[in-house]
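Enquirer: Numbering (our numbering), first residue to last: 7 to 472. All residues carry an ideal CB built from backbone N, CA and C; glycine is no exception. What follows is a single structure, and I will ask about it in a moment.
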Amino acid sequence: MPLPIIEPFRIKSVEPIRQTSREERGRALADAHYNPFYLAARDVLIDLLTDSGCAAMSSRQWAALMNGDESYAGAESYYRLREVVDRLTGHPHLIPTHQGRAAEKILFQLLGGDGHAFVSNTFFDTTRANIEYSGAVAIDRCTSEADDLVSDYPFKGNLDIEGADAAIREHGSVRAIVMTVTNNSRGGQPVSLANLRAARALADAHRIPLILDACRFAENAWFIKTREPGQADRAPREIAREMFDLVDGATFSGKKDALANMGGFLTVRDEGLADAARTLLTITEGFPTYGGMSGRDLEAMAAGLDEVLDDDYLRYRIASIRWVADGFARHGVPIVQPAGGHAVYVDATRWLDHIPPHRLPGQSLVNGLYERYGIRTVETGTVMFGKRDPETGELIPAARDLVRFAVPRRAYTQTHMEYVVEAMGELGAVRQELPGYRPTRLPQYLPHFTAHFEPCAPAAIPAPAP
Ligand code: F0G
Numbered sequence: 007m008p009l010p011i012i013e014p015f016r017i018k019s020v021e022p023i024r025q026t027s028r029e030e031r032g033r034a035l036a037d038a039h040y041n042p043f044y045l046a047a048r049d050v051l052i053d054l055l056t057d058s059g060c061a062a063m064s065s066r067q068w069a070a071l072m073n074g075d076e077s078y079a080g081a082e083s084y085y086r087l088r089e090v091v092d093r094l095t096g097h098p099h100l101i102p103t104h105q106g107r108a109a110e111k112i113l114f115q116l117l118g119g120d121g122h123a124f125v126s127n128t129f130f131d132t133t134r135a136n137i138e139y140s141g142a143v144a145i146d147r148c149t150s151e152a153d154d155l156v157s158d159y160p161f162k163g164n165l166d167i168e169g170a171d172a173a174i175r176e177h178g179s180v181r182a183i184v185m186t187v188t189n190n191s192r193g194g195q196p197v198s199l200a201n202l203r204a205a206r207a208l209a210d211a212h213r214i215p216l217i218l219d220a221c222r223f224a225e226n227a228w229f230i231k232t233r234e235p236g237q238a239d240r241a242p243r244e245i246a247r248e249m250f251d252l253v254d255g256a257t258f259s260g261k262k263d264a265l266a267n268m269g270g271f272l273t274v275r276d277e278g279l280a281d282a283a284r285t286l287l288t289i290t291e292g293f294p295t296y297g298g299m300s301g302r303d304l305e306a307m308a309a310g311l312d313e314v315l316d317d318d319y320l321r322y323r324i325a326s327i328r329w330v331a332d333g334f335a336r337h338g339v340p341i342v343q344p345a346g347g348h349a350v351y352v353d354a355t356r357w358l359d360h361i362p363p364h365r366l367p368g369q370s371l372v373n374g375l376y377e378r379y380g381i382r383t384v385e386t387g388t389v390m391f392g393k394r395d396p397e398t399g400e401l402i403p404a405a406r407d408l409v410r411f412a413v414p415r416r417a418y419t420q421t422h423m424e425y426v427v428e429a430m431g432e433l434g435a436v437r438q439e440l441p442g443y444r445p446t447r448l449p450q451y452l453p454h455f456t457a458h459f460e461p462c463a464p465a466a467i468p469a470p471a472p
């Protein structure tokens, strides 16, 4: 047996997690209107709702907090972050924001608006919401390789270059191409360097900017290193730099690959755009040298951005997600293959095939898993991405309900994840008992955060008339 890839850290500080009974969790779920976003975290045993903002910081990051310079203007912490971001991206303008979506809000308020559009390999939901809120249209063109969930195609996050080209010609006022790395809404799958280069050429041909949604740039760089021909000998930092070299700007959430609990930024090359962004930043976030962050947040992010590119960390990170995926596959649970960089995605539509799509099999899996095992996950399907019928307001089922098991960085041990794998094995044996769900409250924007649901018999209720 080869030696296992191990966690490249030991644990210095721990936080208790709380066991609850199935009855308690059943009540908590009903009180949460069957939407786990409303659960109190103290009622959750293992929280795989997101990988965002819940990383365990290193002792180096905690120490860096004490160096936080809380000066209103020109704080040392800003210059420290700028130095790290300069080295990472080479982009001349850094606009710090309190998290990723604040960077999106500023960028798309400036570039978007009525009559315009943006094209992406796939927009994350907050990105799409910010674009649509500006009056513009968000067009997804992901490679068709991603439609086959079980193939082992290595770069299912790629942009469909021809499809994007056609969409740009057809729409007539596409203002930028946005590359989301890794592609969170399509299984956490990576984008290849070759595809980023092709996206660059496409943007040049149409004379529009290319923007990176860089939230998980380091995980994407590791996939390029390990999967793309000719990249194996390069350092993740070098690959990451090439990714940033290819684009005109980036939005970033420090809550993912900066291993921080809060923070984000926008970087751009264009000075006019940077000036306009700083004006908006000052109105909505804060002074340009801190944006939406305290000095200590800037420090934690600067330290994390360096740590995340460490070979041992990335090798462990990607292997740990693969380990969960392999465990699910062993139990016959259908997942998106290959495993993503930050999460494993279960095909609930296939696994719970007794529940028709409009009765939300993804929501059913999420709720069943919480009630029986205390594990919190999230549906990424009809509720998160489904369109609404403009006349009835009803959800139109998405192509598939996936359930995302997102793994916080450095927070859980392999035994925690073994519990998750075995819980899915057990649930598999009784999955036919899980009910369907129907929404009882459905807000217009980002409905998954605040929707209410109620359980219902999966088969007894007829589908709405077409
Ligand atoms: N872009 C991507 C690809 C994301 O995954 C997220 C957040 C954002 C932008 C927004 O960043 O949260 O700092 O405002 N994703 C989290 C998730 C919420 O659970 O996937 P933020």
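Since I believe residue 54 is in contact with residue 341 (beta carbons under 8 Å), could you give me their beta-carbon distance rounded to a whole number of angstroms?
Expert: Incorrect: roughly 14 Å between the Cβ atoms, too far for contact.
Enquirer: Determine, using beta-carbon pairs with one atom in the region 220 to 229 and one in the region 187 to 201, whether at least three such pairs fall under 8 Å.
Expert: Contact between the region 220 to 229 and the region 187 to 201 is present, because at least three Cβ pairs lie under 8 Å.
Enquirer: Please name the residue or residues paired with residue 294 in a DSSP beta bridge.
Expert: Bridge partners of residue 294: none, in fact.
Enquirer: Assuming residue 358 contacts residue 443 (C-beta within less than 8 Å), just tell me the rounded distance between them.
Expert: Not a contact, Cβ separation roughly 11 Å.
Enquirer: In chain order, what are the residue ranges of uninterrupted alpha helix (DSSP H) at least 4 long that sit wholly in the region 145 to 217?
Expert: DSSP runs (the alpha helix (DSSP H)) wholly in the region 145 to 217: 167 to 177 and 199 to 211.
Enquirer: Just how far apart, CA to CA, sit residue 302 and residue 269?
Expert: About 10 Å.
Enquirer: Return helix, strand or coil for residue 16, following the three-state DSSP convention.
Expert: If DSSP states are grouped into helix, strand and coil, residue 16 belongs with coil.
Enquirer: Bridge partners for residue 102 per DSSP, in chain order?
Expert: In DSSP, residue 102 forms a bridge with 271.
Enquirer: Go ahead and pull the three-state DSSP assignment for residue 388.
Expert: Here residue 388 sits in helix by DSSP.
Enquirer: Beta carbon of residue 33: closer than 7 Å to some heavy atom of the ligand ADP?
Expert: Ligands in the displayed structure: the ligand F0G; the ligand ADP is not one of them.
Enquirer: Who are the Cβ neighbours of residue 82 in its own chain at under 6 Å, not counting the five residues just before and after it?
Expert: Closer than 6 Å at the Cβ level, and outside the excluded window around residue 82, lie 75.
Enquirer: Tell me whether the beta-carbon of residue 385 lies closer than 8 Å to the beta-carbon of residue 407.
Expert: The answer is yes: Cβ separation under 8 Å.
Enquirer: Helix, strand or coil: how does DSSP classify residue 241 here?
Expert: Three-state result, residue 241: coil.
Enquirer: For residue 402, list the residues DSSP reports as bridge partners.
Expert: BP columns for residue 402 point to 393.
Enquirer: In the DSSP assignment, find the beta strand (DSSP E) that holds residue 257 and state where it starts and stops.
Expert: Note, residue 257: beta strand (DSSP E), 255 to 259.
Enquirer: For residue 126, which of 222, 417 and 216 has the nearest alpha-carbon?
Expert: Comparing Cα positions, the closest option is 216.
Enquirer: Rounded to whole angstroms, what is the Cα-Cα separation between residue 63 and residue 414?
Expert: Between residue 63 and residue 414, the C-alpha separation is close to 11 Å.
Enquirer: Express the C-alpha separation of residue 128 and residue 5 in angstroms, rounding to a whole number.
Expert: In the structure as shown, the chain starts at 7 and stops at 472, and residue 5 therefore has no counterpart that could be examined.
Enquirer: Can you check which of these residues, 333, 204 and 319, is closest to residue 14 by C-alpha distance?
Expert: Cα-wise, what sits closest to residue 14 is 319.
Enquirer: Can you find the residues in the same chain that come closer than 7 Å, C-beta to C-beta, to residue 119, ignoring five residues on each side of it along the sequence?
Expert: Cβ neighbours of residue 119 beyond the five flanking positions: 140, 141 and 142.
Enquirer: If you measure from the CB of residue 58, is any heavy atom of the ligand F0G nearer than 7 Å?
Expert: Yes, the Cβ of residue 58 comes within 7 Å of a heavy atom of the ligand F0G.
Enquirer: Over the uninterrupted alpha helix (DSSP H) stretch that includes residue 318, give me the two end residues.
Expert: Its alpha helix (DSSP H) spans residues 317 to 336.
Enquirer: Checking the sheet assignment: what are the DSSP bridge partners for residue 37?
Expert: For residue 37, which the question treats as bridged, DSSP gives no partner whatsoever.
Enquirer: Do you know how far the Cα of residue 363 is from the Cα of residue 466?
Expert: Any reading at residue 466 is ruled out, since the residue's pLDDT is 47, under 50, leaving its predicted position unreliable.
Enquirer: Considering only DSSP beta bridges, list what residue 351 is partnered with.
Expert: According to DSSP, residue 351 bridges with 410.
Enquirer: Given a threshold of 16 other Cβ atoms within 10 Å of its Cβ, counted over all protein chains shown, does residue 453 qualify as buried or as exposed?
Expert: Burial call: buried.
Enquirer: Would you identify the three-state DSSP class for residue 21, choosing helix, strand or coil?
Expert: Of the three classes helix, strand and coil, the one that applies to residue 21 here is coil, per DSSP.
Enquirer: Under three-state DSSP, which class holds residue 458?
Expert: Residue 458: strand per DSSP, three-state reduction.
Enquirer: Rank 211, 158, 188 and 283 by C-alpha distance to the C-alpha of residue 174 and give the top, closest one.
Expert: Residue 211 is the option with its Cα nearest to residue 174.
Enquirer: Give me, in chain order, the residues of the same chain whose beta-carbon lies closer than 8 Å to that of residue 468; leave out the 5 immediate sequence neighbours on both sides.
Expert: With a pLDDT of 48 at residue 468, under the threshold of 50, the modelled position of this residue cannot be trusted; read the value that follows with caution. Closer than 8 Å at the Cβ level, and outside the excluded window around residue 468, lies no residue.
Enquirer: Return the CA-CA distance between residue 376 and residue 56, expressed in angstroms with no decimal places.
Expert: Each residue's Cα considered, the two are about 15 Å apart.
Enquirer: On the three-state DSSP scale, how would you describe residue 114?
Expert: In the structure shown, residue 114 sits in a helix (DSSP, three-state: H, G or I).
Enquirer: Is any non-hydrogen atom of the ligand F0G found closer than 7 Å to the C-beta of residue 107, if you look at the structure I gave you?
Expert: It does: the Cβ of residue 107 is within 7 Å (strictly closer) of some heavy atom of the ligand F0G.
Enquirer: In whole angstroms, what is the alpha-carbon distance linking residue 412 and residue 260?
Expert: Distance between the alpha carbons of residue 412 and residue 260: 16 Å.
Enquirer: Is residue 314 closer than 8 Å to residue 263 when the C-beta atoms are compared?
Expert: Cβ atoms of residue 263 and residue 314: closer than 8 Å.
Enquirer: How about the region 395 to 404 and the region 334 to 350: do they share at least three Cβ pairs that are nearer than 8 Å?
Expert: No, the region 395 to 404 does not touch the region 334 to 350.
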